[in-house]
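Down below is the structure, laid out as structure tokens.
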Amino acid sequence: MADTVKNGWVVRVLGVALAEGGVDLKQAAEAWRAASEAVDGQIAALQAALRQDGDEDLAEIAEFGLNAITGGYKVRFMAALMEAEGGSPKARATLAEIIPGFRQHLDSDERVEACDENPFGVAMSVRATLIPALDRLAQAVGA
Amino acid sequence: MPKKTRDEFKQAFKTMKKPPRPKNVSGKIKDELEQSILDDNKQDFASKIDEINQLDPAYLVDLVAYKLGKHFEEEGNKLPFWHDRVPRNVLSAAMAKIIPGDLTDPGTKRMMNTSMLNDDVGRIGLLIDRDPQGAESYLDNVFNDKLKSLLDLAASEGVSSVVIAMAAQLYKRDPDATMQFLLDAKDEATHLKTDALNKSTIAKNQGNDDTKDAEYKEFLRQTKREGEFNGVFPGMLGPDFGKITAKYLLKANTDTSLEQLRKIIGNFNPADLRDIANDFPKRFIDEILSEVDTGTRQKLLSDPALRQALQNADKNAWDAFARKVPMLRLFAEVEARRQDDDDSGDVATEQNHNVDAIFDRAMDGDDIKCAYVGTRTIMPSEIMASMQDVDAPRTDCHNMLMVMTATIRAYPGMEGIDLRMKWGHCPNMLMTKKLTDIGVTGRGMIDKTFSGNVFDDAGAATGRILFTGENGVNSHSWLEVGGKAYDPVLGISGTVDAVKDGSTFATFDWALEGLIGTGTGGWYFIKDDPSILKPEKQRLPLAANPMSFNTAYYLTQDPSQHLTPEALQQIGL
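Respectively, the protein sequence lines represent chains A and B.
The first sequence begins at 0 in numbering that gives the first Met the number 0 and counts up one residue at a time.
The second sequence begins at 0 in numbering that gives the first Met the number 0 and counts up one residue at a time.
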């Protein structure tokens, strides 16, 4: 199907208008929030496992380390996303600026990798969950 | 997906990994940097840091971040080097690497909450360094008691950023109470420090090593605490911290605060001083100016603008005070005399007239009048600013010149006078004319009725004085302002040549050190000393005097009348 046909189907059947890039910002944002909550749940589970281990270093990582795996991007990103959803073109541009760095961080940070490949029996998929959601948002804002 | 090992997992979360050294930073510089810490050499450390910063600033940031993480939990001296002695921008960038999110980040905020609950001042310090503004907002919601307890703990552990942040937050809420809290804490630390050291010394003498060590440890802790409380004022109040503190101390008006202010008041520049005094002028006059030591009082009162400001602010208090201070009494007299003079309109001329009036008043009045003594002296500040009556004050000519110089500088309208004022001096030994032939009898520090310490061939007093100075050099000094000389010792003034000629009979150099001088006009002086004088010579009748002229001399053009053949031979005669 050509893009215009696809878009027409989405508008007709689902009742939502697509953004210029073909992906709706609201939907992408919802998908992101779902992904983010899923990852938060995974992190909480990993934190619990680390605390229960009894190892001082692991307790330290549970307390302070896991919070850092989003590399300082998350808050700025969430703030911009909220404003962009409210229709602010400036926030949309900000979001477009933040996303590539955030994605790069998730893709390359060894703490993210260590979580995904943790030896504590907690199923984690930070990259697999967040990166596609982020890519979808990137499309929505033209990043 | 392959699983990490526990160690690999931990390794991934290590705050910072050792950054690889780039090629443009030599191993030698890096080794020297590490060595400077081992040697506790702050200067070398700063210089190497600067070098690396120029070569590769990004590497330096990574290195500092790594070192901060590595030494964070250690007790030793390494952390202070990496935290306190690197450029501020490097520290900030390193902090951003260690703690990626600022305090708006929920993770970082959680870290702050946990650190606050655990009283982990080290980590709180890092978070404050990471986001000072965020920390300020965070601390807005913390109770006073918690802030105070963290402040004290951080002071004991030497975490300056926490001490300052807590103090600044408390100051924002209640400046006066915070100032008092900090000053009291500083005093307490000083007291406890001294106490612990004393106890440690006593325990050492009693052979109680455990107590000695424990008390010494406490001494070190309190020393650190005292240092932090000293440093908190500039950190909390900025560049004007001294003035703000002084203003608070004057406002607080307690015995302790006024005593503290007296200790520091001599360190302020004139503009700040006027600002401080202006808040409570009468209190400043009565409790500070009247109670400080004379050196500080003289220094403070040397600012004409401060004197005028205080006089304008509270004339009664000022006048009562001014009547008790010698230099102020002299100024009042000089001002009264100068009011009658016509203004020449020329600054230099007016300044010369001021100096004339000051000199005349110093010689003829009883404000800063001081008699001569060659050996015992009182300090210039005592002469100028003592509020106690000094019984028969005496000083030497150099101190009196210092009094004159300081008085002239402090008189209104004397800006730039230093460019036209200098001390003249006789480079060798000076013998005066007969004292009663010099200027006006009764004028000058020397008692001109004194019969002198110089005797003629027949052993009769000549009325002259021999100044030997510093073993034969720089025997006499006077003041020169704008080409005119002022000699307070002999009480004369005039052109430089007139003053020299008016007082000098002859000048001398040693022919035999300490004993015989040879001078202008074919004159010799010979010390009244049996080791060089003929055996039949009687001791010279030197009159008792309070000026410490304790050595008598013959004045002669024929030394053979007085000297032994050996002494004559020694001077080549």
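Note that the Cβ used here is the ideal one computed from N, Cα and C, for glycine as well.
Within chain B, the C-beta atoms nearer than 8 angstroms to that of A/Arg110 come from Ala11 and Phe12, in chain order. Distance from the CA of A/Leu57 to the CA of B/Ser256, rounded to the nearest whole angstrom, comes to 51 angstroms. Any Cβ of chain A closer than 8 angstroms to the Cβ of B/Pro99 would place that residue at the interface, and such an atom is present. In the pairwise beta carbon analysis, the segment 324-342 of chain B is classified as touching the segment 402-410 of chain B: at least three pairs are separated by under 8 angstroms. Under the three-state reduction of DSSP, B/His475 is assigned to strand.
Judged by DSSP in its simplified three-state form, A/Val111 adopts helix.
Between B/Met428 and B/Ser474, the C-beta spacing is below 8 angstroms.
Its Cα nearest to that of A/Phe76, the residue B/Gly100 stands out among B/Tyr553, B/Gln560, B/Gly100 and B/Ile445.
Excluding the 5 residues flanking it on each side, B/Val472 has same chain C-beta neighbours closer than 7 angstroms at Pro426 and Asn427, in chain order. Around the beta-carbon of B/Asp212, fewer than 16 other beta-carbon atoms lie within 10 Å, marking it exposed.
Residues are counted here when their Cβ sits less than 8 angstroms from a Cβ of chain A; for the segment 53-77 of chain B the count is zero. Three or more beta-carbon pairs separated by less than 8 angstroms are not found between the segment 307-319 of chain B and the segment 391-398 of chain B, which leaves the two stretches without contact. Listed in chain order, the non-local C-beta contacts of B/Leu248 below 6 angstroms within the same chain comprise Ser256, Gln259 and Leu260, local neighbours out to five positions each way being set aside.
For A/Gly64, the chain B residues whose Cβ falls inside 7 angstroms of its Cβ are Phe12, in order along the chain.
Excluding its 5 nearest sequence neighbours in each direction, A/Arg126 has C-beta neighbours in its own chain below 8 angstroms: Leu105, Asp106, Val111, Glu112 and Asp115, listed in chain order. Sequence-ordered contacts of the segment 106-126 of chain B with chain A read Gly106, Thr107, Arg109, Met110 and Thr113 [C-beta pairs closer than 8 angstroms].
Annotation note: the segment 304-337 of chain B contains the following uninterrupted alpha helix (DSSP H) runs of length 4 or greater, listed N- to C-terminal: 314-321. Here B/Thr494 is exposed. Its C-beta has fewer than 16 other C-beta atoms within 10 Å. For B/Pro1, at least one C-beta of chain A is nearer than 8 angstroms to its own C-beta.
Annotation for B/Tyr410: no alpha helix (DSSP H) segment contains it, and DSSP assigns it neither H nor E. DSSP places B/Gly423 in the uninterrupted beta strand (DSSP E) bounded by Met420 to Cys425.
Contact annotation for A/Glu116 against chain B: Met0, Pro1, Lys2 and Lys3 [CB-CB distance below 7 angstroms, chain order]. In this structure, DSSP gives B/Glu469 an extended state, which the three-state scheme calls strand. Looking from the CA of B/Lys323, the closest CA among B/Ile51, B/Leu300 and B/Arg336 belongs to B/Leu300.
In terms of beta-carbon proximity, B/Asp104 lines the interface with chain A, with at least one pair separated by less than 8 angstroms. Look at A/Val121: its C-beta is not under 8 angstroms from any C-beta on chain B.
According to the DSSP assignment, B/Leu125 belongs to the alpha helix (DSSP H) that extends over Val120 to Arg129. Residue nearest to B/Leu169 within the set B/Tyr523, B/Lys526, B/Lys17 and B/Leu150 is B/Leu150 (criterion: CA-CA distance). Each of B/Asp83, B/Asn143, B/Pro56 and B/Ser159 was checked against the Cα of B/Arg224, and the nearest Cα belongs to B/Ser159. Looking at the DSSP output, B/Met444 shares a beta bridge with no other residue. For B/Ile357, the uninterrupted alpha helix (DSSP H) run begins and ends at Val346 to Asp363, by DSSP. Judged by beta-carbon spacing, B/Asn351 lies within the 8 angstroms limit of B/Lys483, meaning their Cβ atoms are closer than that value. Taking 8 angstroms as the threshold, the shortest C-beta distance from A/Ala113 to chain B falls below it.
B/Asp395 and B/Thr519 have their C-alpha atoms roughly 25 angstroms apart. Cβ neighbours of B/Phe240 within its own chain (closer than 7 angstroms, five residues either side excluded): Phe232 and Pro233. Distance from the Cα of B/Ala251 is smallest, within the candidate group B/Lys145, B/Lys96, B/Ala64 and B/Asp175, for B/Asp175.
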